[in-house]
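So the structure is just underneath, and the comments pick up after that.
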Amino acid sequence: ELGGGGHFQAASAVVKNLSLDELEKKLIKILERKVKVGIVTKDIMSSPVKTVNTSTSIEETKKILLRYGHNGIPVVEEGKLKGIITMQEVNKAKQHGLGKELVSKYMSNQIVSVKLNTPLTEIQELMINYDIGRILVINKEDKLVGIITRTDLIRNLYGEGNIPKRSFSTYIETSSKIERKKQKELIKKIFPKRVQNILNIIGETGDRLNYPVFMVGGVVRDLFLGIENYDIDIVVEGDGIKFARELSRDLKG
813 ELGGGGHFQA ASAVVKNLSL DELEKKLIKI LERKVKVGIV TKDIMSSPVK TVNTSTSIEE
873 TKKILLRYGH NGIPVVEEGK LKGIITMQEV NKAKQHGLGK ELVSKYMSNQ IVSVKLNTPL
933 TEIQELMINY DIGRILVINK EDKLVGIITR TDLIRNLYGE GNIPKRSFST YIETSSKIER
993 KKQKELIKKI FPKRVQNILN IIGETGDRLN YPVFMVGGVV RDLFLGIENY DIDIVVEGDG
1053 IKFARELSRD LKG
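Per the numbering used here: the sequence shown = residues 813 to 1065.
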């Protein structure tokens, strides 16, 4: 509307007959009309969240964790988030004969949480910086209203088909529809050249033997989130001993 030109991330234009203030107001109105709001927390969170109260005992908390298969659970008081306790902390208290004690005495109040309108990019940064797989969502009154997992984040950043479900080859040749170019870009961005070369050789060895070779585990998830992780697990569909011998030769020992 102001003329000019540019590209996706930057543009410029020459505007005459408008003061700086007038131009600013006009530009803001145009942006409000044209720019679409991105996905935020409330669009992808899961709700309600299973919780325990601050007055719940350690013993009862363990029963709840086992019943729902959770490794940790938020602790609330009148709906407000007060802390979080893990199975490890619960077990430690139980081992010391403290099963009747209140969970509030042993919970951690170091909580990473987001508001309902937090952008996805900010959530991604929090997960990477704090190395966590789940983030709790609170409203203006600090009441717990939802939870976002790494899977939720990946699904919305990269699409449903890109969620690691089973296994990925060393070329990240997945059953999903990610373009090969993007797969290679992820590997180049995260792994140093030496690791890239080893992965390529593993893939070439598998191709020569006609054995599907897969990268599996947490490294696949972290790759999509841009997290450095060199704990790489490889699965081979075929004669593993034969593959190992061939790979040893290809890697020259």
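Just so it is clear, CB atoms sit at the ideal spot from N, CA and C, and this is done for glycine as well.
Determine whether the Cβ of residue i lies closer than 8 Å to any Cβ atom of chain C.
i	result
Glu872	Among the protein chains of the structure shown there is no chain C, as only one such chain exists.
For residue i, count the other beta carbons within 10 Å of its own beta carbon; 16 or more makes it buried, fewer makes it exposed. Which is it?
i	result
Val888	buried
Ile944	exposed
Arg1006	exposed
Gln936	buried
Thr853	buried
Asp964	buried
Gly958	buried
Leu877	buried
To the nearest angstrom, how far is it from the Cα of residue i to the Cα of residue j?
i	j	result
Leu910	Lys1054	53 Å
Pro860	Leu1037	25 Å
Asp833	Asn929	29 Å
Thr1017	Gly884	42 Å
Asn968	Ser1060	40 Å
Tyr918	Arg962	26 Å
Ile1039	Asn921	26 Å
Lys875	Thr933	36 Å
Ile940	Tyr1023	34 Å
Gly817	Ala825	7 Å
In chain order, what residues of the same chain have a beta carbon less than 6 Å from the beta carbon of residue i, not counting five sequence neighbours either side?
i	result
Glu913	Ile870
Gly1029	Asp1045
Lys892	Asp954 and Lys955
Thr863	Pro886 and Val888
Asp1034	Asn1041
Thr868	Val915
Val1048	Tyr1023, Val1025 and Phe1055
Please report the Cβ distance between residue i and residue j, rounded to the nearest whole angstrom; I am assuming they are in contact, meaning their Cβ atoms lie under 8 Å.
i	j	result
Ile923	Ile897	Not a contact, Cβ separation roughly 11 Å.
Leu1011	Ile1002	Not confirmed; about 11 Å, so no contact.
So, at 7 Å on beta carbons, what are the nonlocal neighbours of residue i in its own chain, with the 5 sequence-adjacent residues on each side left out?
i	result
Leu835	Val827
Lys977	Confidence in Lys977 is poor, its pLDDT being 40 and thus under 50, which makes the residue's placement unreliable; the coordinate value appears in the next sentence. So no residue of the chain qualifies.
Quick one: residues in its chain with C-beta nearer than 8 Å to the C-beta of residue i, no 5 flanking neighbours on either side, listed in chain order?
i	result
Leu839	Leu814
Glu890	none
Beta strand (DSSP E) runs contained entirely in the stretch 1005 to 1053, provided each spans 3 or more residues: List check, beta strand (DSSP E) in window: 1025 to 1028 and 1045 to 1048.
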